[in-house]
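Engineer: Counting the sequence shown from 1 gives a position; the numbering used here is that position plus 80. For glycine and all other residues, C-beta sits at the position ideal for the given N, C-alpha and C. Keep in mind the model is a prediction, meaning the values are calculated, not measured. This is the structure, below, for whatever I ask next.
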Amino acid sequence: MPNTRQIRQRIRSVTSTQRITSAMELIAAAKMRRAQQRVLATRPYSTRLLDLIADIVARQSGSGDDIHPLMQVREPSNIGLILFTPDRGLCGGLNANLNRAAYNFGLEQEHPVSQISVGKKGNDFFSRRGRDIRAEFLNLGDFPEPIDTSPIARIVLEDYEAGRLDRVYLGYATFVNNAVQEPTIRQLLPVEPPAASENGASASLGDYEYEPDAATVLGGLLPRYVEMQIYQAALENAASEQSARMVAMRAATDAAGEMIDALTLEYNKARQETITKELLDLVGGVAALEKA
């Protein structure tokens, strides 16, 4: 059994670690609230934008207009994946779950997958495994802005319109709540708007007129939609990271508290055992003197 001095040192060490994890939990909670507000605020805009695209496409159906390049469906021979992962660890199993989902996605594809890595953890994981990394974006920050993700959208749009990519997917962690973050892989390009209502327009949009014409408006909306989806994925992933880190640090703080309680009990037992031995030695010494 360790002596009392060693146990005291362990208690001090665990207590110091507990203070650090508790502080990190508070920091992650503050960041999580701000990240959560940002992601919830942008979701309606993203959904409304897709509804608007669906309305325009429905009005154009049967008009003979050419399909926009970002909506052209081609036989997939080159696949791109934009993978969002955190730059740091200490967020539970979030990094492992994201990397596993992206790795399994690559195994399921019959054609090669090139990747745009947004985040250090995913970039390091797939670089070691030899995946084709088209571009990497590190240190995006805890609160990314549209200007931070616009270069990603530019690369993807250029590659798709030039025919270097036939399918583009987004990989990120969807923020559900503080305890649940779901790894998500979904198609970004070609853009596939949801089916509109039978009258050719989305019921929630009303009867809109587009100027100068629907095709021109659609040509401006589609690149904006792609940029918005990439930015939305960045926000979802940022909120998921802070939530996962807060939960992980809370669990670490609780575990440290339990360890301190166990060590304190062990320390008290060791101290009592030491006192008992000293008393026995003292009694034995007195008895020996009396016999002498």
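Helix, strand or coil for residue 88, going by three-state DSSP, please let me know.
Structural biologist: For the purposes of this step, residue 88 is taken as residue 8 along the sequence shown, with counting starting at 1. Note: residue 88 maps to helix in three-state DSSP.
Engineer: Identify whether residue 290 lies in helix, strand or coil by the three-state DSSP scheme.
Structural biologist: Here residue 290 is taken as the residue at index 210 of the sequence shown, counted from 1. Per DSSP, reduced to three states, the secondary structure at residue 290 is coil, with no helix or strand assignment.
Engineer: Pull the bridge partners of residue 249 from the DSSP assignment, please.
Structural biologist: The residue you call residue 249 lines up with position 169 of the sequence shown. Secondary-structure assignment with DSSP links residue 249 through a beta bridge to 161, 267.
Engineer: Would you kindly report the start and end of the unbroken alpha helix (DSSP H) that includes residue 147?
Structural biologist: As a working note, residue 147 is residue 67 in the sequence shown. Unbroken run through residue 147: none, as it is neither H nor E.
Engineer: Where does residue 185 fall in DSSP's three states?
Structural biologist: As a first step, residue 185 must be located in the sequence shown, where it is residue number 105. Of the three classes helix, strand and coil, the one that applies to residue 185 here is helix, per DSSP.
Engineer: Can you tell me the Cα-Cα spacing of residue 119 and residue 112, whole angstroms?
Structural biologist: Reading the sequence shown from its first residue, position 39 is the one you call residue 119. Reading the sequence shown from its first residue, position 32 is the one you call residue 112. Answer to the nearest angstrom: the Cα atoms are 10 Å apart.
Engineer: Distance check for residue 361 and residue 174, CA to CA, integer angstroms please.
Structural biologist: Translated into positions along the sequence shown, residue 174 becomes position 94. Translated into positions along the sequence shown, residue 361 becomes position 281. Residue 174 and residue 361: Cα-Cα distance of roughly 57 Å.
Engineer: In the DSSP output, which residue or residues are listed as bridge partners for residue 213?
Structural biologist: What you label residue 213 is simply residue 133 of the sequence shown in a count that begins at 1. Its beta-bridge partners are 195.
Engineer: Starting from the Cα of residue 334, find the closest Cα among 85, 107, 97 and give me that residue.
Structural biologist: Here residue 334 corresponds to residue number 254 of the sequence shown, with the count starting at 1. Answer by Cα proximity: 97.
Engineer: What whole-angstrom Cβ distance do residue 319 and residue 115 have, given they're in contact under 8 Å?
Structural biologist: Residue 319 sits at position 239 when you count from the first residue of the sequence shown. Residue 115 sits at position 35 when you count from the first residue of the sequence shown. With 8 Å as the limit, residue 319 and residue 115 qualify as a contact, their Cβ atoms being about 4 Å apart.
Engineer: Near residue 297, which residues of its chain fall below 7 Å by C-beta distance, leaving aside the five closest residues on each side in sequence?
Structural biologist: Against the sequence shown, residue 297 aligns to sequence position 217. Counting only Cβ-Cβ distances below 7 Å, and skipping sequence neighbours, we find 136, 290.
Engineer: Just to confirm the assignment, what range does the alpha helix (DSSP H) spanning residue 233 have?
Structural biologist: Numbered from its first residue, the sequence shown carries residue 233 at position 153. Counting along the chain, the alpha helix (DSSP H) containing residue 233 begins and ends at 226-241.
Engineer: Please look up how many angstroms separate the CB atoms of residue 195 and residue 211, rounded, as I've assumed it's under 8 Å.
Structural biologist: Here residue 195 refers to the residue found at position 115 of the sequence shown. Here residue 211 refers to the residue found at position 131 of the sequence shown. Taking a contact as a CB-CB distance under 8 Å, the pair residue 195 and residue 211 counts as one, their CB atoms being some 5 Å apart.
Engineer: Report yes or no: do three or more beta-carbon pairs, one from the stretch 259-275 and one from the stretch 100-112, lie closer than 8 Å?
Structural biologist: no
Engineer: Is DSSP giving residue 155 helix, strand or coil here?
Structural biologist: Locating residue 155 in the sequence shown gives position 75, where the first residue counts as 1. Coil, per DSSP.
Engineer: Apart from the five residues on each side of it in sequence, which residues of its chain come closer than 6 Å, Cβ to Cβ, to residue 203?
Structural biologist: Position 123 of the sequence shown, counted from the first residue, corresponds to residue 203. Excluding sequence neighbours, residue 203 sits near 197, 216.
Engineer: Would residue 364 be called buried (16 or more neighbouring beta carbons within 10 Å of its own) or exposed?
Structural biologist: Here residue 364 is taken as the residue at index 284 of the sequence shown, counted from 1. Per the 10 Å Cβ criterion, exposed.
Engineer: Measuring only the C-alpha atoms, how far is residue 190 from residue 323?
Structural biologist: Position 110 of the sequence shown, counting from 1, holds the residue named residue 190. Position 243 of the sequence shown, counting from 1, holds the residue named residue 323. So the two alpha carbons sit approximately 35 Å from each other.
Engineer: Taking 8 Å as the threshold (C-beta atoms), are residue 246 and residue 156 in contact?
Structural biologist: For the purposes of this step, residue 156 is taken as the residue at position 76 of the sequence shown. For the purposes of this step, residue 246 is taken as the residue at position 166 of the sequence shown. A Cβ-Cβ contact shorter than 8 Å links residue 156 with residue 246.
Engineer: Per DSSP, what are the beta-bridge partners of residue 353 in this structure?
Structural biologist: On the sequence shown, residue 353 is found 273 positions in, with the first residue counted as 1. Beta-bridge pairing by DSSP links residue 353 to no other residue.
Engineer: Can you find the residues in the same chain that come closer than 7 Å, C-beta to C-beta, to residue 177, ignoring five residues on each side of it along the sequence?
Structural biologist: Residue numbering aside, residue 177 sits at position 97 when the sequence shown is read from its first letter. Counting only Cβ-Cβ distances below 7 Å, and skipping sequence neighbours, we find 263.
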